[in-house]
Every structure is written in structure tokens, then in C-alpha cells.
Amino acid sequence: MAVQCPRIDPTAVFPEERLAAYATIVGEREMEDLYRLAEPLRGLEVQQINSARCGGGVAEMLQSLVPFERALGLDVRWDVIAGRPEFFVYTKTLHNFLQGKPRVPDLIGTKIYWDTNQANYKLVREDADVVLIHDPQPAGLIMFVPEEVRARQKWLWRCHIHLSHEYHFVLDFMRTLIEEYDLAIFSSGKFLPPWAVPPTVVLPYIDPLSDKNRDLPPEQVREICWEHGLERLEKKPLLLLVSRFDPFKGHAYAIEAFKQVRKEIPCQLLMVGGTASDDPENEAIFAQLQEQVENLPDVRLLNLPPDSHIEINAFQRAASVILQPSIKEGFGLTVSEGMWKEKPVIGGDVGGIPGQITDGYNGFLVSPSEKGVDEMAQRIKYLLLNPYFAREMGKRGKQAVKERFLITRGVKDELRLLRSLLGDEKKSS
Ligand code: UDP
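Here the numbering used here is used: the first residue of the sequence shown is 46, the next is one more, and so on.
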């Protein structure tokens, strides 16, 4: 099924008032730092390229990063490669292998990878100073750059996925490609592969002023819950999992934990997902889960369109406990989104999640496997029975996100990176 993205203008620029509003959250000093860092980069042409305008964490970040950096004077453009469904089946297979899990159909289709990247090469702006490629799908574009263009550009590869090292032949395919780049950026130091390309780590971030995260009036939260058929929260507290329907997100474990909790405490489970145009697995996994919860009361599965930001924001605000029991996770924006809303988040102790949650302090970590089911059920029960503890945990979660996972920090890291990368070559005129 084709995914209809909402209209997103890749040339949008955040207005002054929006930048001023960030200052009220992170402080004037932080914003002044950003202006100062951006000053020598004014006019720098940066092209961001990924494979989906909406759906999933990369699009979520670019939707805010691009207008933010444009407002700071950088000439940032965001382009998205196009491909036939077979291309995205191939790249999702590649993605799954890179996260340590093969899937059927097996790794075939390299030709369609190269053909699609070649066909998309016309997207590349040859006058860009920096080309920033996200994830494996468009990584092959670099092979089609004419030598004289390549010589005057910096090419960066940003890896958002949880790189595992199980399948060497797949890693080798990526290695030879990524070693063509000037720099590779990872979401955690744990994922750094032994490749001959300079690596760095930049942590992802959420935008506190986006529709996904901005404050919402409680009446609107209640109305959205009611519209989607949730029961009164006072009667049945809400457990929530927001994620693409994907094999690594731990939906089945959340259902098992919920079953245990519900035997003792009335509650309801909502699993909200959607799809991204570069992810063909959504429907099959959604159907599988639907079967699994068919005769289970108090569980709802929602497959929402990719622009349901306010709905997701409302569910996160309505939840008593947020679950993200992933088995592999590059970062997991949904964890920071929940923490920002002062919710206790129970996450799989894997990939980028422990970087966000300090176990027992501002959230809980559980084993990323069947073993995690009992642990998760225990933690949920504890949180539901101890609302004061849950509230305090939630407050500490928000503080952690404020300090480390907001977009202002993400922009700062990227500006610093661009400055160090361009060194004396940076445009100062
Ligand atoms: N998301 C969404 N609709 C959905 C499922 C997820 O808008 O149905 C958003 C979610 O709120 C988050 C992003 O997509 O902002 C997912 O990012 P994350 O890093 O958690 O996972 P990814 O999808 O990138 O693996």
C-alpha cells in the first residue's frame, strides 16, 4: 500500500517566534550559542537525503532539523529518493540483516539497489558543499558522483540503525560502500564498526515544539482518547506502545506482559503504529498482531496515517506507562517522547535505549527478549500501584530529555561537526 505523506515543505524556515520559543525551554544562552556557531556557516549548502518524507524516526527528525538550520542561515535542502516496492523490500531486508536478523526473502536484489541509486543520482545537488546521506537506502548515490564534483564536496553517512555484527557478508557490502565517505555518524558508540572511515557519534533528539511533543490541553487529550475508543483512564489506566509495526519493536512481548498485569490490575493496552514509505513490513506484522490479540479484551491496535502526530502526542500524555521493549534499537525516539511527557518508560535494555533511561531512576530497563516479559509485567504493576513513584520517575525523565535529547542539542552537534569538517574551507563570506 502506498503511503500518503502529508504536505511537508522541505524549504520551510522556522520563523523568529519559533526560535524564541525554544529559548524559553533551553535558555537564551543555548540559543546564542547556536547563532554563534551558525554564523560562519551562513550560506553553506547542505543537502540531506533519506528515503522517506514521513514515517519513522529519520523523517521525524528531519522535519524539524531542516527548517531550524535554514532559520540559522544555512542553505539546507532535504531530498528523498524514490524506488519501486522491490527496492524497499530489498533495503528492509538489508536493514534487518544489519540489525542481526535475516528475513525471507533472503538477501537478493543487489542490482535493484544499484539501479535505483543510479536512477536517483539526479537528485544530488552538484553545487552542495556537504551531502548528508541517511541510512543504507541512498548510501549508494556516492558511487555515481563525477570525480570533479566529489573532489569539492564532503559526503557524510548517518547510520540510524542498530548495527549488529552477526552477518559479515552484509557488513562487508556496507563497509566497502561507506569507506567511500568522508565521515560516518552513529547514534551510539556501541555501534562503531571497524571500518576505514572516520567515525563520530551524534545522539538523536526530539523537537519539544512539534505537534508530536508540544503541550496539549487535557480536554483535547481526553477527546482524542474517546474518539479512538479508549475506556476511561480513571477506570483502566493506559499502557502504550508507539512504533512502526516492525519485527524489532517488541510488540509481542508487550502483549504478553499486559496479559500478566491485567490478571491483577484493570488496565488497557494501546499499540499505535503506522508505516513509512520505505518500510514494506507494516501490514504483515499488523495482521499477525491482530490475530494474536483477537480474543483479548482491553487491547487496541491502531494503524494510523503518518501525520497522526497530535493523536500520538495525546496518547503519550494519556498513558500511565509507556512501553518500548525493543530487541534492537538504533535510538528509539519514542522513549524520549514519552519521557518528555513525564511518563515512566519501560524500554528494552538494548542499543540506544539505555543511553536515555537510567534504570530505576528515570525509567526502567528490561531484558530485550522473552525474559523481559516477566520483568516488564513486574515493573508495570509497580508503577500502577505506586503513582507517586511513577510521577517522580516521569519528572526525572523529562529533565534528562531536556538536558540531552532536544533538537537544540542536535543542531548544535551538527553545526560543530560541519565546522570541524570544513575547517578553513568553511564559507565565511
Ligand atoms: N511514529 C509515528 N507514527 C507511528 C509510529 C511511530 O509518528 O505510527 C513516530 C514516533 O512517534 C517517533 C518515530 O515515528 O517519532 C519513530 O522513531 P523511533 O526512533 O522510535 O523508531 P524508528 O521508526 O526510527 O525505528
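Glycine residues also receive a C-beta, built at the ideal position from the N, C-alpha and C atoms.
Around the beta carbon of Ser233, 16 or more other beta carbons sit within 10 angstroms, so the residue counts as buried. Contact between the stretch 379-388 and the stretch 443-453 is established, with three or more Cβ pairs separated by less than 8 Å. Counted as a single uninterrupted DSSP element, the alpha helix (DSSP H) harbouring Asn165 occupies residues Thr155 to Asn165.
Contact between Pro51 and Arg122 is ruled out by a C-beta separation of about 19 Å, above the 8 Å threshold. Under DSSP, Glu90 shares a beta bridge with Asp120. Pairing Leu208 with Pro238 gives a Cβ-Cβ distance under 9 Å. According to DSSP, Pro55 shares a beta bridge with no other residue. Nearest to Phe218 by C-alpha distance, out of Ile251, Pro181 and Val190, is Pro181. With respect to the 9 Å criterion, Leu428 and Ala435 are classified as neighbours on the basis of their beta carbons.
The beta carbon of Asp343 sits closer than 6 Å to those of Gln313, all from its chain and outside the five residues before and after it, given in chain order.
Taking the CA atoms as reference points, His296 sits about 14 Å from Lys416. The DSSP assignment places 378-385 as complete runs of the alpha helix (DSSP H) inside the stretch 373-416, in order along the chain (cut-off: 4 residues).
At least 9 Å separates the beta-carbon of Phe293 from that of Lys235. Per the coordinates, the alpha-carbon of Phe409 lies some 21 Å from the alpha-carbon of Arg289.
Counting along the chain, the unbroken beta strand (DSSP E) around Ala229 starts and ends at Leu228 to Phe231. Of the candidates Leu89, Arg197 and Leu139, the residue whose Cα lies closest to the Cα of His210 is Leu139. Each residue's CA atom was taken as its position, placing Gly392 and Gln265 some 27 Å apart.
Sequence-distant partners of Lys281 (beyond 5 residues in either direction) whose C-beta falls short of 7 Å from its own C-beta, in its chain, are Pro311, Cys312, Gln313 and Asp343. Apart from the 5 residues on each side of it in sequence, Ala66 sits with its Cβ closer than 8 Å to the Cβ of Leu254 in its chain, given in chain order. Between the alpha carbons of Tyr158 and Gly185 lies a gap of roughly 8 Å.
Counting only runs of at least 4 residues, the stretch 226-277 fully encloses the following alpha helix (DSSP H) elements, listed from N- to C-terminal order: 263-272. DSSP places Asn340 outside both helix and strand once states are collapsed to three, so it counts as coil.
Under the DSSP assignment, Leu284 falls in the beta strand (DSSP E) whose first and last residues are Leu283 to Val287. CA-to-CA, the gap between Glu420 and Val411 works out to about 6 Å. The three-state secondary structure of Lys199, taken from DSSP, is strand. For Met316, the pairing in a beta bridge is given by DSSP as Leu286 and Leu346. Three or more Cβ pairs drawn from the stretch 344-356 and the stretch 313-322 lie within less than 8 Å of each other, which places the two stretches in contact. Among the bridge pairs identified by DSSP, Gln369 is matched with Gly392. Around the beta carbon of Asp172, a 10 Å sphere encloses fewer than 16 other beta carbons of the protein chains shown; the residue is thus reported as exposed. In its own chain, leaving out the 5 sequence neighbours on each side, no residue places its CB closer than 6 Å to the CB of Arg74. About 7 Å separates the beta carbons of Ile187 and Tyr226, which is inside the 8 Å limit, making them a contact pair.
At a threshold of 8 Å, Glu105 counts as near ligand 1, since its beta carbon sits closer than that to one of the ligand's heavy atoms. Going by C-alpha positions, Leu168 is about 14 Å away from Val194.
Inter-segment contact for the stretch 451-468 and the stretch 245-259 is present: three or more beta-carbon pairs are separated by less than 8 Å. Within the same chain, Ser255, Asp256 and Lys257 come within 8 Å of His354 by CB-CB distance, once the 5 residues on both sides are set aside. CA-to-CA, the gap between Phe133 and Gly102 works out to about 17 Å.
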